[in-house]
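Notes to accompany the following structure.
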Amino acid sequence: MSSATKLILAPIRGITDCHFRRIFHNYFPGFDSALAPFINPQRASNFKPNQVKDLLPEANLTLPVVPQLLHTNVQDFLFLANRLAGFGYTEINWNLGCPAPMVTKKKRGSGLLPYPDEILAFLDQVMEKIPIKLSIKTRLGLESPDELLHLLPLLDQYPLSEIIIHGRLGKQLYKGTTDLDSFARCLQRTKHSIVYNGDITSTENFKKLQTQFPEIDKWMIGRGVLSDPFLAGEIKGIYQQDKVHQLQCFHADLFACYGDLLSGQAHLLGRMKQLWVYLSVFFPPAQKTWKKIKKCSTEEKYLRVTKECFARASTD
Ligand SMILES: Cc1cc2nc3c(=O)[nH]c(=O)nc-3n(C[C@H](O)[C@H](O)[C@H](O)COP(=O)(O)O)c2cc1C
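Per the working numbering, the very first residue in the sequence shown carries number 21; after that it's consecutive.
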């Protein structure tokens, strides 16, 4: 693997917050940077410091992070961009990919992709005044890959730092497969630096993608590393010993951290269970593991069941 290869931790809202990013990076090296989950759009006039709590510089000392905005109102976007520049950030990312119906129906995220004129009008105003670099994270389209194929050449006129493409349509949500042919066509239609994203779940499939797209040197991985936290390291040639023990220590640290931060066991268990949606894959059979964890209604039960998972995995 070329040393130019860069791995970026994908934003997974509800999981990859600053605490997760810090603890994860302490146990599982491999990522060069992370993209933060989007900041929920609110009017600049309603700004509360809580909105950017996840991005406070002191909470992000280990893994470099790029903040992400879902806003489509120019003034609100610029207000936050200035605020984040004040924190020392040199780049922010615009989310043009979120597929959640509640978001797309407001013409945000991938919901804006069928309206290229609105995207260009937004960028015309933002690029004039934004004090830091801007990148975009997007999908192939909301309804059709023709949407991004049409948009990409139009984006050449803006000095974007990069475009991250998740090779699905908004209407697919997370179902079906990534459309690698359309992703390949996108590469022909842009001058910008492109980051590949979508369904990197093993070193083998990463290598296949790398062979298929030799011009790509930045790769973003989300669910694949939540299911196998060692994946980014292994792609980079870092092989850790005593994996189950590592994972157990990571889990204990994360649990303790959220235990201190969140009030009440329902919040704590809810937060940990979001991770287990993916982490269960590490403890086959995944469905059975997930079902057991999902059922835990008290901290005590949760700790017992997870302890059993780690014990079983270390004897396998
Ligand atoms: C629960 C969940 C939350 C997500 N939150 C965000 C987000 O805040 N911003 C974003 O750009 N993408 C978000 N994504 C999309 C991922 O960053 C990524 O693009 C997608 O999962 C495909 O990559 P993967 O197959 O490597 O996971 C989210 C995905 C999931 C499943």
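Quick reminder that beta carbons are idealized off the backbone N, C-alpha and C, glycines included.
The alpha helix (DSSP H) spanning residue i covers which residue range?
i	result
P304	Looking at the DSSP string, P304 is not in any alpha helix (DSSP H), and its letter there is neither H nor E.
T158	Looking at the DSSP string, T158 is not in any alpha helix (DSSP H); the run it does join, the beta strand (DSSP E), is K153 to G161.
G187	Element bounds for G187: not the alpha helix (DSSP H) but the beta strand (DSSP E), I183 to L189.
P136	P136 to K149
L207	L200 to Q208
F43	The question names Phe, yet the displayed sequence has Ile at residue 43. Residues C38 to Y47.
Starting from residue i, trace the beta strand (DSSP E) in both directions and tell me its first and last residue.
i	result
K127	Unbroken run through K127: none, as it is neither H nor E.
H170	It is not in any beta strand (DSSP E) - H170 instead sits in the alpha helix (DSSP H) that spans D166 to L175.
K321	Per DSSP, K321 belongs to no beta strand (DSSP E); it is in the alpha helix (DSSP H), E319 to T335.
S53	S53 to I59
Y194	Unbroken run through Y194: none, as it is neither H nor E.
I112	E111 to L116
I214	I214 to N217
Do residue j and residue i come within 7 angstroms of each other at the CB atom, strictly closer than that value?
i	j	result
A54	V85	yes
L83	H39	no
N115	L140	no
I35	L295	yes
L350	R209	With the chain covering only 21 through 336, there is no way to say anything about residue 350.
Q260	F330	no
I184	K211	no
H186	N217	yes
Quiz item: Under a criterion of Cβ closer than 7 angstroms to any non-hydrogen atom of ligand 1, which residues qualify, in chain order?
Solution: In chain order, the residues positioned with their C-beta nearer than 7 angstroms to some heavy atom of ligand 1 are A30, P31, I32, R33, G34, I35, L55, P57, F58, Q88, N115, G117, C118, K157, H186, Y194, N217, G218, D219, I220, M240, I241, G242, R243 and G244.
Exercise. Any chance you could list the alpha helix (DSSP H) runs of at least 4 consecutive residues sitting entirely within the region 60-103, in chain order?
Key: Listed in chain order, the alpha helix (DSSP H) elements of length 4 or more contained wholly in the region 60-103 amount to none.
Self-check item: Complete beta strand (DSSP E) runs within the region 223-295 (minimum length 3 residues, chain order)
Solution: DSSP runs (the beta strand (DSSP E)) wholly in the region 223-295: 238-241.
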